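Data block below; observations after.
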């Protein structure tokens, strides 16, 4: 099809079809103003909220790991931290040692130790006042930088799938402008974004048929958070049908996590003790067995049942070359989604869904519908998080509260939305169902999209869609549901 000009804009061939809105061509990339909106929302999240507990502990433990390394005792790291925890060296005497000892995989602490090394060295030359506070801010910066790296890498991945530079940049913008970034990374103040970056890097290798590199990168990702392991098996089953090779790739994927845990189980008694205490408090079996189907001789785990079915579908499926990327995204999304729908989980983990949501929405022929479903799901998720996780400390430990302390009346509950639900006898069921519906509907639309792609005789990622910055902005603004009410409530009660 030749280029055709009209008053409405420009259209190209089927595989590169684009449309215009008000005469503006979608081929333009996101501009400075677009990224400025994201920056403003990030800054607001950074200033007004801070769930500092985990990040403070991780950064302090990483600093202690550097002590162990430079004193020649790296394999006694967990014992060193446990001793200091028993002496009340971490955060507050209100917590016993089991709550503040090192409990993550050693790869997490090694990564943070490398990031903290310049600050650690500076502190030994010129002691830094409030060293722990400085480390916590340094850790928050790491999370935001990792988010930017994710944006860059998923843009490159999108270009490899779509061969359209400007569209790929919008994919990156969709990722970075998601309300999950300011909530999961900045407000919740967690490092799950590192796993997201590794998953994106692994997917780039996966789509190039390099399953060894994919398995190795996922091995590192699983050390930061074991949830990425859920992606590994279905994706390997989709790409490789030979059993022996499958066993090899799966073994590689779990190798680093297994080896590092075995090493410290043998070398450091405190590691075993910490893991046992952690299992007693929040054992993983309690998570995966939360939702069951009663009947027969015993109850059946909904999560395990569906995960088994997803793996079977992945092994049986034999998609064409053009459909393979979308099958990959759908299976990864399905494995993670059913975990979040049927397992007890922490809200910051949801950021792991973001690469798959991003790619899935941009694979749809009805791009705007995918966008709206994502907005609905995020709205339900954030309102549910407000009702469960917006505690007093998340607000009172923020920079904003520290700067204004004493000027406004202290409140026990900094969530007007929570009070509205409580006063009207409402529960989390409605927003949680909206979250559930958004995820399931998006998956259904993606499946129907694959079925219709055959008749259209083009790849799903070569879809046409209209430029609508307003949709991007509306989606980003969903985070304001979390940010604005507590701030306004606090500012409306000055001390007279």
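Numbering (my numbering), first residue to last: 3 to 498.
Glycine included, C-beta positions come from ideal geometry on N, C-alpha and C.
Computed from a predicted structure; not experimentally measured.
Anticipated Cβ contact below 8 Å, residue 475 with residue 416, distance rounded: Not really, about 26 Å apart at Cβ, beyond 8 Å.
Selection from 268, 341, 279 that minimises the alpha carbon distance to residue 290: 341
Backbone secondary structure at residue 302 - three-state DSSP: strand
Rounded straight-line distance, which links the Cα of residue 252 to that of residue 235: 7 Å
C-beta atoms of residue 54 and residue 146 nearer than 8 Å: The Cβ atoms of residue 54 and residue 146 do not sit closer than 8 Å to each other.
Cutoff 6 Å; reference residue 448; Cβ partners in own chain excluding five residues on either side: Excluding sequence positions up to five before and after residue 448, its CB lies within less than 6 Å of the CB of 332, 362, all in the same chain and listed in chain order.
Test item: CB-CB of residue 354 and residue 198 under 8 Å: Taking 8 Å as the Cβ cut-off, residue 354 and residue 198 qualify as a contacting pair.
Complete alpha helix (DSSP H) runs within the region 50-136 (minimum length 4 residues, chain order): 55-72, 79-88, 99-102, 108-127
Closest Cα partner of residue 442 within the set 397, 376, 69, 477: 376
Cβ contact (3+ pairs, closer than 8 Å) linking the region 115-127 and the region 58-71: Counting C-beta pairs closer than 8 Å gives three or more between the region 115-127 and the region 58-71, which meets the contact rule.
Residue 281 burial status per 10 Å Cβ neighbour count (16 or more: buried): exposed
Simplified DSSP assignment, three categories, for residue 271: helix
Counted within 10 angstroms of its Cβ, other Cβ atoms place residue 444 as buried (16 or more) or exposed: buried
Proximity test, residue 142 beta-carbon vs the ligand MG heavy atom, cut-off 7 Å: In the structure shown, the ligand MG is absent, as is every other ligand, since no ligand is present at all.
Pairwise C-alpha distance: residue 180 and residue 473: Rounded to the nearest angstrom, the two C-alpha atoms are 11 Å apart.
Residue 1 - partner residues in DSSP beta bridges: With the chain covering only 3 through 498, there is no way to say anything about residue 1.
Beta carbon of residue 420 nearer than 8 Å to that of residue 185: no
Any 3 or more C-beta pairs closer than 8 Å across the region 188-207 and the region 46-62: With the rule of 3 Cβ pairs closer than 8 Å, the region 188-207 counts as touching the region 46-62.
Chain-order list of residues whose beta-carbon lies under 8 Å from that of residue 496 (same chain, five-residue window excluded): 409, 410, 411
Beta-bridge partners of residue 496, as assigned by DSSP: 410
Distance between residue 378 and residue 201 (C-alpha atoms, nearest Å): 25 Å
Validate contact between the region 214-223 and the region 379-386 using beta carbons, cut 8 Å, 3 pairs: no
Assigned exposure category for residue 488 - 16 Cβ within 10 Å defines buried: buried
Reference residue 427, options 389, 349, 438, closest by Cα: 389
Secondary structure of residue 481, DSSP reduced to three states: coil
Contact the region 137-154 vs the region 55-64: 3+ CB pairs below 8 Å: yes
According to DSSP, residues forming a beta bridge with residue 294: 303
Distance between residue 404 and residue 48 (C-alpha atoms, nearest Å): 13 Å
Residue 452 vs residue 328 beta-carbon contact at 8 Å: yes
Own chain residues within Cβ distance below 8 Å of residue 434, not counting five before or after: 382, 386
Closest Cα partner of residue 257 within the set 304, 101, 109: It is 109 whose Cα lies nearest to the Cα of residue 257.
Which of helix, strand or coil DSSP assigns to residue 191: coil
Boundaries (first-last residue) of the alpha helix (DSSP H) holding residue 217: 213-226
Nearest candidate by alpha-carbon position, reference residue 352, set 82, 275, 83, 196: 196
Cutoff 6 Å; reference residue 318; Cβ partners in own chain excluding five residues on either side: none
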